[in-house]
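Trainee: Please read through the structure below; I'll follow up with questions.
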Amino acid sequence: MKAARKVFERDGYLDTRLTDITKEAQCAAGSFYTYFANKEEVLAAVLLEAQEDMMHPGMGRVQGTDDPHAVLEASNRAYLEAYKRNAKLMGLLEQVAQVEPEFREFRTRRADAFIRRNARGIADLQARGVADREVDPMMASRALSGMVSVMAYNAFVLGERQEEGAPVDFEELVSTVTRLWANALRFPGHR
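Counting from 1313, one number per residue, gives the positions in the sequence shown under this note's numbering.
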């Protein structure tokens, strides 16, 4: 898996050959086929591992506070850090999803998992009186999750630059997406 990830990130999906993976892993082709049937299967396994990292990035509990804004900021930070760690694979997923139906489905399931989780969080905030109760949690989650995902893709996969030509500042990115989330959901005191 480690070797496959390295080769996919280095060569891309189309140019990766099984012989490149086995050479990187220092194993025989027969050993590869013990675990995987083909290149698509090993890529799916590598992407699943990256998805697990992104869904559960090891965010520590926000200590001493139940402040929804602090939790939101910590969540956005953890997601963006995980996206940055997995940026090459996220770019590869976007590329492969355009031509391979099974990867398009994987991408859809991945996005839906984030959207459902965020919708549950929004509904919880609404029940606690913290978020705008007039907003549909699922629709808000689709919009806000999509915003963060595209911002991460542009910054970490495409290498989008700020107006001055410098790379996107990570802290500014975290602050901006958090502020937009909080404002969209009308968190009290965070406009």
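Positions of the beta carbon are idealized from the N, C-alpha and C atoms, including for glycine.
Please report the straight-line C-alpha distance between I1434 and D1365, rounded to a whole angstrom.
Mentor: On the sequence shown, residue 1434 is found 122 positions in, with the first residue counted as 1. On the sequence shown, residue 1365 is found 53 positions in, with the first residue counted as 1. Going by the C-alpha atoms only, they are around 22 Å apart.
Trainee: Keeping to the same chain, check which residues put their C-beta closer than 8 Å to that of V1358; ignore five residues upstream and five downstream.
Mentor: Locating residue 1358 in the sequence shown gives position 46, where the first residue counts as 1. For V1358, where only same-chain residues beyond five positions count, the Cβ hits under 8 Å are M1313, A1316, R1317, F1320 and L1401.
Trainee: Near P1449, which residues of its chain fall below 7 Å by C-beta distance, leaving aside the five closest residues on each side in sequence?
Mentor: The residue given as residue 1449 occupies position 137 in the sequence shown. The answer, listed in chain order, is A1431, I1434, A1435 and Q1438.
Trainee: Measuring straight from C-alpha to C-alpha, what distance separates A1341 and L1355?
Mentor: To locate residue 1341, count along the sequence shown from 1; it is residue 29. To locate residue 1355, count along the sequence shown from 1; it is residue 43. Rounded to the nearest angstrom, the two C-alpha atoms are 16 Å apart.
Trainee: By the three-class DSSP mapping on this structure, what secondary structure does P1380 have?
Mentor: Position 68 of the sequence shown, counted from the first residue, corresponds to residue 1380. Correct three-state label for P1380: helix.
Trainee: Can you give the Cα-Cα distance for H1453 and Q1338, rounded to whole angstroms?
Mentor: Along the sequence shown, read from residue 1 onward, the residue named residue 1453 stands at position 141. Along the sequence shown, read from residue 1 onward, the residue named residue 1338 stands at position 26. The sequence shown places Ser at residue 1453, rather than the His named in the question. If you take the alpha carbons of S1453 and Q1338, they lie about 44 Å apart.
Trainee: If you run the structure through DSSP and keep just helix, strand and coil, what is R1473?
Mentor: Taking the first residue of the sequence shown as 1, we reach residue 1473 at position 161. Correct three-state label for R1473: strand.
Trainee: Roughly how many angstroms separate the alpha carbons of Y1391 and E1385, rounded to a whole number?
Mentor: Taking the sequence shown and counting its residues from 1, one reaches residue 1391 at position 79. Taking the sequence shown and counting its residues from 1, one reaches residue 1385 at position 73. So the two alpha carbons sit approximately 10 Å from each other.
Trainee: I need the DSSP call for P1500, collapsed to helix, strand or coil.
Mentor: If you number the sequence shown from 1, residue 1500 lands on position 188. It is coil, neither helix nor strand.
Trainee: What does DSSP give as the partner residue(s) for P1479 in the beta ladder?
Mentor: Translated into the one-based positions of the sequence shown, residue 1479 becomes position 167. Note: P1479 sits in a beta bridge opposite R1473.
Trainee: Identify which residue in R1498, A1399 and L1497 has its Cα closest to the Cα of E1472.
Mentor: Looking up residue 1472 in the sequence shown gives position 160. That would be A1399, whose Cα lies nearest to the Cα of E1472.
Trainee: For L1326, is the classification buried or exposed, using 16 other Cβ atoms within 10 angstroms of its Cβ as the cut-off for buried?
Mentor: In the sequence shown, counting from the first residue as 1, residue 1326 sits at position 14. Classification for L1326: exposed.
Trainee: Anyone know if the C-beta pair for F1415 and A1423 falls short of 7 Å?
Mentor: For the purposes of this step, residue 1415 is taken as residue 103 along the sequence shown, with counting starting at 1. For the purposes of this step, residue 1423 is taken as residue 111 along the sequence shown, with counting starting at 1. Not in contact: F1415 and A1423 (Cβ atoms no closer than 7 Å).
Trainee: What are the boundary residues of the alpha helix (DSSP H) that includes T1420?
Mentor: Position 108 of the sequence shown, counted from the start, is the residue given in the question as residue 1420. Counting along the chain, the alpha helix (DSSP H) containing T1420 begins and ends at P1413 to A1439.
Trainee: Spatial neighbours of F1426 within its chain, please: C-beta separation below 7 Å, excluding the five flanking residues on both sides.
Mentor: By 1-based counting over the sequence shown, the position of residue 1426 is 114. Only S1457 meet the Cβ criterion.
Trainee: Classify I1333 as helix, strand or coil using the three-state DSSP reduction.
Mentor: Working through the sequence shown from its first residue, we reach residue 1333 at position 21. The answer is helix: DSSP assigns I1333 an H, G or I state.
Trainee: Can you give me the Cβ contacts of L1492 inside the same chain, cut-off strictly under 7 Å, excluding the 5 residues immediately before and after it?
Mentor: If you number the sequence shown from 1, residue 1492 lands on position 180. Cβ within range, chain order: M1459.
Trainee: Exposed or buried, K1351, counting other C-beta atoms within 10 Å across all chains shown (16 or more means buried)?
Mentor: As a first step, residue 1351 is located in the sequence shown; it is residue number 39 there, counting from the start. Classification of K1351: buried, given that the 10 Å Cβ count is 16 or more.
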